[in-house]
Each structure stands twice: as structure tokens, then as C-alpha cells.
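This report concerns only the one structure given below.
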Amino acid sequence: MKRFVACLFLVAVTQFGCAQNYFNIPADNVVEKVKALGIAPIFVDADSDITYPQKELLLPLIADLNRKSEPFLLRKLQSTGSFLAVTQLADEPQQLFSKLIARREKRDDADIKYNKYFWKNDEISTYIKNNRLDALMVVVVSGLTKSSKIYSGNLLTSLETNYNFLTMTAQIIAPDGTILWEYPNFRARLLTYYPLVNLQYPDFSESEANLSRKTELRFKSIDGIRRTLEQKKNDWKFQETAEPEVYGRLFDEIASLVVHSGKKPEVNPADVKPAAPQDPAVKPAGEAAQPPAPAPQAAKPAPAAEAPPQAPAPAVPVSAPDAPNDIVPATGTTR
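Residues in the sequence shown are numbered from 342 upward in steps of one, following the numbering used here.
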């Protein structure tokens, strides 16, 4: 029995002790090679499994919400400290997606279904080099039909069936086409992998009103999907923030997998631009001002006894006021 417990403990340490590397190659290699990361505009895969009846209205809505949410992803990746520079690229998303994509595969890893994307190596390489980047992050919103169990508001009834979802995936790609990192990622971590939004819902009220044992599956309205994705996140004071709740939850998950707690990227002196020359009349911040030099005076006869020189008064150092600490709101994990 003791040996069995010891084995379980060893397995747990092995699984969770190395849970800081979610890269497909050694994280140190990624940090060493990738100093400038570019984020492509968030793509929408219109040819994926999206069965929404008003698809012509849904796709422009998702594209617009993606564009509005991109700055939040940029700031979260910049705050990880894993790269020297993170840049949001401003190309037209659908044209760029059609240019770069090679194929899509529906995957089922660890009982988690998702769409995995593969890219044209030559196009990816050219795009990365033209933007003077070391790697490119691509984020794709796509449709996926999978089984799920949804409960009614009173939790007394439920319906387990296939629902049509919009999901989000992300990858970091090297100039040679190697996928350095991807989300969802199943390397030594249990992943929830929340969908972006469920496009359908079980109509429990209708079945209850008609005393029916069959619950109909209906599609959400365009306004309902928009309100769901625009709903704002609350901070630790329960005050509404500017960040959308659903996008923020997924971006938090992505950023947490990008963080590398080991060696940080080092600055190459050749990459550092020389500082602009300063006006000699302008003193650096925090430097004590020096009194102007006295004007020269005509020479006077020396006195009979000259007083010993006095030591100048010590300069009082000037310190800048401390900046207030930023308060990071708690990350929500509700569906």
C-alpha cells in the first residue's frame, strides 16, 4: 500500500512539476529565438462547421467583435514578459486567412474536440519576414458540432445532444512553418477549453408548457449572441470593466500558456536604438538644478587676511513620487 501511494505521488509530481512548459519545443529555445512576436488579426473560418441559419449575419458580427477585442489580447501577451516586443498586425483578416491557410483538421485529443489548422510554409515565411518578426500568432474562430449536456434554469431537467458552437484556437508559428506553441495544448495540464459561444439552446419552457417529453433545440438570435459576447467583465469590486467576459476568459487562458517562468529574453545591444540627443539646457528628470555661474567681476586688491574657504552646502537629492501599484482583477472562470 505504501509503495502504491508513493507511486501515485511520483506520478503527480511528474505531471505537475513540469507544468510550466506548454510549448511544443523547449521553452528556452522559443524565448531565445522569438523576441518579436506579431499577432495576426483574429480570423473567422467561414467554411468550418457553422450551421447557423443566418450565417450571412453571424459572420460579420463575429468579425467586428473580434476586432474590438484584439487590444485586450495584445495587452495580456505583452504583460507575460515572454517577448521583447508584441505587435498587433492590421491586415484584412479574411484575405490574409485565405492566403495563409493550407488545411483544417477536426481533432479529438483527451476527449476535447477542436479544429487544428495547418498553414502554407512559404506564405507564412514571407509574411513574417516582411513584417520583421521572429514568429506569428494566429487566432481562429471556427464552428464545431459536439455533444454537450445543458441543464435548465432550475437544474431539474437537462438535454444531452449535439450542439453547434463557435470555438477559438491559437498557434505561434516560426518562419519555417514549425508550430512552436498552440491552444488548446495538452502537454501536462488539464484544460477546460471553453467555447466562445453556444449557438443553440434547449427550449425547456416550451416543452414544459406543452407537457412534452421532447425538448426542441433552437438557435439563439443574432442580438442574443451579440449581447452574450459583449457582456463586460467585473473586477474584484464587482464593477464593470471594459473587457468582454467571454473573450477575456479565453485570452487569460491563452496568455497563461504563453508565460515562461524561466529565462527571460535578453536584449541584444545591436537591437537597441541609440537615444536621441538631449538639449543641454534640459536637465534629466530627478536631477537637482544647479545654480547659474556668477558673472565675472573686475579684479580687486587682495585683503590683508583672507578668510578660509567654506565647504558648499550638500545638495538635497530629489526623488520622484512612487507610482501607485496596479490592481489586477481576478480572472473569471464561469462558463
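For glycine and all other residues, C-beta sits at the position ideal for the given N, C-alpha and C.
Report the residue from A476, K396 and R448 whose alpha carbon sits nearest the alpha carbon of A426.
Against the sequence shown, residue 426 aligns to sequence position 85. Selected option, being the one with the closest Cα: A476.
Would you decide whether F592 is buried or exposed? Buried here means 16 or more other CB atoms lie within 10 Å of its CB.
Here residue 592 is taken as the residue at index 251 of the sequence shown, counted from 1. It counts as buried.
Would DSSP call L485 helix, strand or coil?
Here residue 485 is taken as the residue at index 144 of the sequence shown, counted from 1. Strand at L485.
Would you say L485 and D388 are within 8 Å of each other, going by their C-beta atoms?
The residue labelled residue 485 in the question sits at position 144 within the sequence shown. The residue labelled residue 388 in the question sits at position 47 within the sequence shown. Against a cut-off of 8 Å, the Cβ pair of D388 and L485 comes out as no contact.
Name the one or two DSSP bridge partners that P543 has.
Start at 1 with the first residue of the sequence shown, and residue 543 comes out as number 202. DSSP output for P543 lists L558 as bridge partner(s).
So which of N472, S488 and F424 has the shortest CA-CA distance to D452?
Taking the sequence shown and counting its residues from 1, one reaches residue 452 at position 111. Looking at the Cα atoms, S488 is the closest of the given residues.
Does M402 come out as helix, strand or coil in the three-state DSSP assignment?
The count along the sequence shown starts at 1 and reaches residue 402 at position 61. Note on residue identity: the sequence assigns Leu, not Met, to residue 402. Collapsing the DSSP output to three states places L402 in a helix.
Do you know whose CA, among L406, T510, L398 and S546, lies nearest R445's CA?
Translated into positions along the sequence shown, residue 445 becomes position 104. For the residues L406, T510, L398 and S546, the minimum Cα distance to R445 belongs to T510.
Beta-carbon gap between V482 and N407 smaller than 8 Å:
Looking up residue 482 in the sequence shown gives position 141. Looking up residue 407 in the sequence shown gives position 66. Yes, they are a contact pair.
Exposed or buried, what is T502 when buried is set at 16 or more other beta-carbons lying within 10 Å of its beta-carbon?
Walking along the sequence shown from the start, residue 502 turns up at place 161. Exposed, by the Cβ-count rule.
Starting from T569, follow the alpha helix (DSSP H) in both directions and report where the run begins and ends.
Translated into positions along the sequence shown, residue 569 becomes position 228. Its alpha helix (DSSP H) spans residues I563 to E571.
Limits of the alpha helix (DSSP H) - the one that S466 falls within:
Residue mapping note: residue 466 aligns to position 125 of the sequence shown, counting from 1. From DSSP, the alpha helix (DSSP H) with S466 extends over N462 to N471.
Mind listing, in chain order, the continuous alpha helix (DSSP H) runs of no fewer than 4 residues lying wholly within the region 402-460?
434-441
Please state if the CB of I380 and the CB of L414 are separated by a distance shorter than 8 Å.
The residue labelled residue 414 in the question sits at position 73 within the sequence shown. The residue labelled residue 380 in the question sits at position 39 within the sequence shown. The answer is yes: Cβ separation under 8 Å.
Taking the alpha-carbon of S439 as reference, which of V479, Y455 and T508 has the nearest alpha-carbon?
Position 98 of the sequence shown, counting from 1, holds the residue named residue 439. Per the Cα distances, V479.
Please work out which residues of its chain come closer than 7 Å, Cβ to Cβ, to L558, disregarding the five sequence neighbours upstream and downstream, and give them in chain order.
Taking the first residue of the sequence shown as 1, we reach residue 558 at position 217. Excluding residues within five positions, the ones whose Cβ falls inside 7 Å are T502, Q541 and P543.
So, with DSSP's three-state summary, where would you put A381?
Position 40 of the sequence shown holds residue 381. Of the three classes helix, strand and coil, the one that applies to A381 here is coil, per DSSP.
Can you name, in chain order, every residue of its own chain whose Cβ lies under 8 Å from the Cβ of P525, other than the five neighbours on each side?
In the sequence shown, counting from the first residue as 1, residue 525 sits at position 184. If we look at P525 and ignore the five residues flanking it on each side, its Cβ neighbours are D450, I453, Y455, T510, L532 and Y534.
Please classify E397 as buried or exposed, where buried requires at least 16 neighbouring CB atoms within 10 angstroms.
Your numbering for residue 397 matches position 56 in the sequence shown. Here E397 is exposed: its Cβ has fewer than 16 other Cβ atoms, across all protein chains shown, within 10 Å.
Give the straight-line distance between the Cα atoms of F545 and F506, rounded to the nearest whole angstrom.
The residue given as residue 545 occupies position 204 in the sequence shown. The residue given as residue 506 occupies position 165 in the sequence shown. Answer to the nearest angstrom: the Cα atoms are 19 Å apart.
Work out the CA separation of N575 and R590 for me, nearest whole Å.
Here residue 590 refers to the residue found at position 249 of the sequence shown. Here residue 575 refers to the residue found at position 234 of the sequence shown. Each residue's Cα considered, the two are about 12 Å apart.
Same chain only: Cβ atoms within 7 Å of I442, ignoring 5 sequence neighbours per side:
Taking the first residue of the sequence shown as position 1, residue 442 is located at position 101. The residues are Y458 and W460.
Take D564 and list the residues in its own chain whose beta-carbon comes closer than 6 Å to its own, dropping the five residues that flank it on each side.
Locating residue 564 in the sequence shown gives position 223, where the first residue counts as 1. Once the five neighbours on either side are set aside, D564 has no close Cβ partner at all.
Going by Cα to Cα distance, which pick from T519, P536 and Y393 is closest to L570?
Residue 570 sits at position 229 when you count from the first residue of the sequence shown. Taking only the C-alpha atoms, the option nearest L570 is P536.
Rounded separation between T556 and T392 - CA only:
For this step, residue 556 is matched to residue 215 along the sequence shown. For this step, residue 392 is matched to residue 51 along the sequence shown. Roughly 19 Å separates the two Cα atoms.
Closest to E373 by C-alpha separation, out of A404, D386 and F424, would be which residue?
Within the sequence shown, numbered from 1, the residue matching residue 373 stands at position 32. It is F424 whose Cα lies nearest to the Cα of E373.
K573: which of E586, K561, S562 and R567 sits nearest, CA to CA?
By 1-based counting over the sequence shown, the position of residue 573 is 232. Answer by Cα proximity: E586.
Which residues does DSSP pair with L507 in a beta bridge?
As a first step, residue 507 must be located in the sequence shown, where it is residue number 166. According to DSSP, which records beta bridges pairwise, L507 is partnered with G484 and V538.
Three-state secondary structure (DSSP) at Y492?
Residue mapping note: residue 492 aligns to position 151 of the sequence shown, counting from 1. The answer is strand: DSSP assigns Y492 an E or B state.
What would DSSP say about T533, mapped onto helix, strand or coil?
As a position in the sequence shown, residue 533 is number 192, starting the count at 1. Coil, per DSSP.
Please report how far the alpha carbon of S420 lies from the alpha carbon of L437, in whole angstroms.
Walking along the sequence shown from the start, residue 420 turns up at place 79. Walking along the sequence shown from the start, residue 437 turns up at place 96. Distance from the CA of S420 to the CA of L437, rounded to the nearest whole angstrom, comes to 27 Å.
Taking 8 Å as the limit between beta carbons, can you name the residues of its chain near L500, skipping five residues before and five after?
The residue given as residue 500 occupies position 159 in the sequence shown. So the qualifying residues of the chain are K490, I491, P543, F545, T556 and L558.
Sub-8 Å separation of I465 and G518 beta-carbons
On the sequence shown, residue 465 is found 124 positions in, with the first residue counted as 1. On the sequence shown, residue 518 is found 177 positions in, with the first residue counted as 1. Their beta carbons are under 8 Å apart, which means I465 touches G518 by this criterion.
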